[in-house]
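Numbering (the numbering used here), first residue to last: 3 to 344.
For each residue, glycine too, the CB sits at the ideal point set by N, CA and C.
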């Protein structure tokens with residue numbers, strides 16, 4: 003555009019000069035002065051045109067920057083919309099997690115009540131067993147005393163059941179004799195009757211407790227067994243500290259306790275599984291503490307040979323599981339299925 007205007011000015015000047023030479027008789031000094039004046043005015047107009055052209059270029063640059071900023075704002079709006087969608091999903095997941103946590107708390111309370119009842123029952127059975135042992139010892143002493151008295155009177159081996167009964171009848175007013183007679187009356191008269199007596203089943207002791215010796219981080223093997231390598235108790239040899247698996251040596255009712263402690267609230271989700279099926283899960287705490295713990299307790303029926311282990315279900319970039327007594331895994335046999343007889 004500037005070149006076009008310059009060309010027009012040059013053409014105009016040439017035109018004026020040509021006209022002046024052709025009509026030199028007509029032009030005078032005043033006409034030349036007017037031509038110079040016109041050229042100066044045109045020069046001023048050219049400067050103004052250049053200024054306007056520069057202003058136009060500046061406005062154009064500003065428009066380009068404005069378009070770029072508008073595009074950036076539009077992209078940010080799209081990102082914000084996407085983040086809002088993710089926040090809605092996270093909120094829904096938190097609601098579900100809170101519901102699961104509420105259910106787990108109820109199950110934990112039930113498990114605690116059952117454990118308390120089992121402890122009370124165990125104490126009662128211990129007291130009853132001790133009482134029976136005392137009564138049995140006292141009764142055996144009294145029985146030996148009565149039998150010894152009968153043998154002394156009648157001579158050994160000419161002692162019959164009738165003579166012992168006669169000794170009882172002669173001492174009906176003695177409490178010791180009455181108790182001894184009751185015990186002797188329960189003595190089997192043949193091996194056949196002895197074989198018919200049922201024995202109480204012997205429940206084997208099965209229990210283990212293990213912890214993690216070193217803090218675990220970089221948990222990338224999702225689904226792999228979480229190994230508690232520091233074993234404090236392993237009665238029955240059901241737990242393998244190399245593989246992290248517990249194999250039930252007998253069928254029965256088992257109590258499973260696990261606690262996972264993490265450095266931050268964004269710790270991993272850890273589940274306890276039986277033969278690959280989930281039994282319970284830990285949920286990281288939603289507080290802002292530097293570390294948080296989460297329990298996973300359940301009472302479950304296991305068959306002989308069933309395998310139980312812990313595994314990482316989901317993780318964050320900052321996942322760490324604390325070592326020592328902060329993270330534990332325990333299993334104990336509560337009762338055994340069925341009964342045995344001989």
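DSSP, read as helix, strand or coil, puts residue 82 in helix.
For residue 299, the three-state secondary structure derived from DSSP is strand. For the set 258, 254, 227, the Cα lying nearest the Cα of residue 243 is the one of 227. One Cα belongs to residue 42, the other to residue 55, and the distance between them is close to 20 Å. Judged by beta-carbon spacing, residue 333 lies within the 8 Å limit of residue 210, meaning their Cβ atoms are closer than that value. Straight across, the Cα-Cα distance linking residue 258 with residue 325 is about 19 Å. Secondary structure at residue 100: helix, using DSSP grouped into helix, strand and coil.
Of all alpha-carbon atoms in 232, 207, 137, 98, the one lying nearest the alpha-carbon of residue 245 is that of 232.
Just measuring C-alpha positions, the residue of 297, 253, 252 sitting nearest residue 274 is 297.
In this structure, residue 254 keeps its C-beta atom at 8 Å or more from the C-beta atom of residue 121. Between the beta-carbon of residue 323 and that of residue 261 there is about 11 Å, and that puts the pair past the 8 Å contact cut.
By the 16-neighbour rule on beta-carbons within 10 angstroms, residue 270 is buried. For residue 271, the enclosing beta strand (DSSP E) stretches over residues 271–276. Using a 10 angstroms sphere on the CB of residue 74, the tally of other CB atoms stays under 16, which defines it as exposed. If you draw a 10 Å sphere on the C-beta of residue 311, you find 16 or more other C-beta atoms in it, and that means buried. Beta-bridge pairing by DSSP links residue 255 to 303, 337. Around the C-beta of residue 62, fewer than 16 other C-beta atoms lie within 10 Å, and the residue is accordingly described as exposed. Inclusion of residue 103 and residue 237 in the CB contact set at 8 Å is not warranted, their separation being larger than that value.
For residue 304, same chain residues with a beta-carbon under 6 Å away, outside a window of 5 residues either side, are 250, 256 in chain order. According to DSSP, residue pairing for residue 309 in a beta bridge involves 249. Counting along the chain, the unbroken beta strand (DSSP E) around residue 236 starts and ends at 232–237.
Collapsing the DSSP output to three states places residue 314 in a strand.
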